[in-house]
Every structure is written in C-alpha cells, then in structure tokens.
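Report on the structure given below.
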Amino acid sequence: MHEVSLCRQLAASVTRATTGRPGGPSRVEAVYVTVGELRQVVPEALEHAWTFVVRGTALAGARLVLHQTPAVVVCDDCAHSARLPRQLGFTCCACGSAHTHLTSGEELVLTAVDVDDPPAAPAAPHEEGVLDGTLSPS
Ligand SMILES: [Zn+2]
Numbered sequence: 000m001h002e003v004s005l006c007r008q009l010a011a012s013v014t015r016a017t018t019g020r021p022g023g024p025s026r027v028e029a030v031y032v033t034v035g036e037l038r039q040v041v042p043e044a045l046e047h048a049w050t051f052v053v054r055g056t057a058l059a060g061a062r063l064v065l066h067q068t069p070a071v072v073v074c075d076d077c078a079h080s081a082r083l084p085r086q087l088g089f090t091c092c093a094c095g096s097a098h099t100h101l102t103s104g105e106e107l108v109l110t111a112v113d114v115d116d117p118p119a120a121p122a123a124p125h126e127e128g129v130l131d132g133t134l135s136p137s
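Okay, so the sequence shown: first residue is 0 according to numbering that gives the first Met the number 0, each after it adds one.
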C-alpha cells in the first residue's frame with residue numbers, strides 16, 4: 000500500500016529534521032505536507048497510514064496536515080493555463096497545442112514541522128509572560 004511507504008519516507012525526513020538539534024529531540028506536534036492531486040493520494044488513507052507508521056516512535060501523536068494542490072497544465076505556445084482535465088489530456092484546451100507542461104500536481108513536499116521546543120512541562124497560560132530569564136542558557 001503506497002500510503003504506508005510514503006508515510007515512512009515522511010517520518011524519516013521529519014526525524015532527520017528534528018533530531019540532532021541543540022537541546023535534544025523536540026516533540027513533533029504537526030507535520031505539514033503538500034500533495035499534488037496527480038499523486039492520487041487519498042487524504043484519509045494517508046492520515047490513517049501516518050497514525051499507523053508513527054505509532055510507538057518519537058513521532059507518535061504528531062498530526063499530519065495535508066494540503067492538496069491541483070494539477071495545472073500550462074501551454075508553451077499560448078501560455079494558457081488550466082486545471083488538468085480528469086481524462087488526463089495534456090493538449091492545450093485553448094489552442095490545441097501539444098506543447099504543454101505541468102506546473103503543479105506531482106509534488107509531495109514536506110512543507111513544515113511544528114515542534115514543541117523545548118520539551119519542558121507545559122506552562123499554565125497565565126504564566127506565559129514570566130518565563131523569560133528562567134529558560135535562557137548561559
Ligand atoms: Zn495553447
């Protein structure tokens with residue numbers, strides 16, 4: 000099932016990005032991913048696979064936040080751009096040219112990671128303003 004292997008790759012990228020930082024590993028709260036619609040990823044399936052893949056790892060509990068981008072074809076001859084039709088035709092619908100290229104729709108990009116940094120006990124909301132001075136190193 001390709002959602003699981005996608006999630007394994009994502010988890011590995013997130014782990015690489017969040018370990019080895021000063022102050023030790025941070026708890027990851029959310030992972031933001033942009034997926035082009037040509038990837039044919041079912042968001043619910045990817046989220047389910049993510050939960051399964053990160054269970055029991057340092058990433059357990061991290062939310063996967065998906066942003067899907069449409070597939071857009073741009074014509075090289077007349078510069079017309081259009082959402083890719085469902086039949087996956089690559090011919091320009093304005094001038095009929097076959098010289099077109101995709102500008103989006105195939106990406107699968109890890110765009111951001113929210114971390115709880117540093118991994119300390121959560122502060123009570125009304126104490127937010129008095130944390131300065133107790134957390135600064137050196
Ligand atoms: Zn055209």
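The beta carbon of each residue, even a glycine, is placed where N, CA and C say it ideally should be.
If distances are taken between C-alpha atoms only, which option among the options comes closest to residue i?
i, options, result
"L63", "L45, C91 and V41", "L45"
"T68", "L109, E36 and V32", "E36"
"G104", "A70, V13 and R7", "A70"
"T99", "R15, D75 and G55", "D75"
"H47", "T18, E2, G55 and V34", "E2"
"P51", "A11, A16 and R7", "What sits at residue 51 in the sequence shown is Phe, not Pro. Checked all of A11, A16 and R7; the closest Cα to F51 is R7."
"T56", "F89, S25 and T33", "S25"
Does the beta-carbon of residue i have 16 or more other beta-carbons within 10 angstroms, so that it is buried, or is it exposed?
i, result
"C94", "exposed"
"E43", "exposed"
"V41", "exposed"
"T18", "exposed"
"A10", "buried"
Taking only the alpha-carbon atoms, compute the straight-line gap between residue i and residue j and give it to the nearest angstrom.
i, j, result
"T102", "L5", "22 Å"
"D113", "E28", "5 Å"
"L65", "A78", "29 Å"
"V13", "L58", "8 Å"
"V53", "S96", "46 Å"
Is it true that the CB of residue j sits closer than 7 Å to the CB of residue i?
i, j, result
"V30", "A81", "no"
"L107", "R38", "yes"
"L83", "V72", "yes"
List the residues that DSSP assigns as beta-bridge partners of residue i.
i, result
"G35", "T68"
"C74", "T99"
Counting contacts by CB-CB distance shorter than 7 Å, is residue i in contact with chain B?
i, result
"L58", "You won't find chain B in this structure, because it holds only one protein chain."
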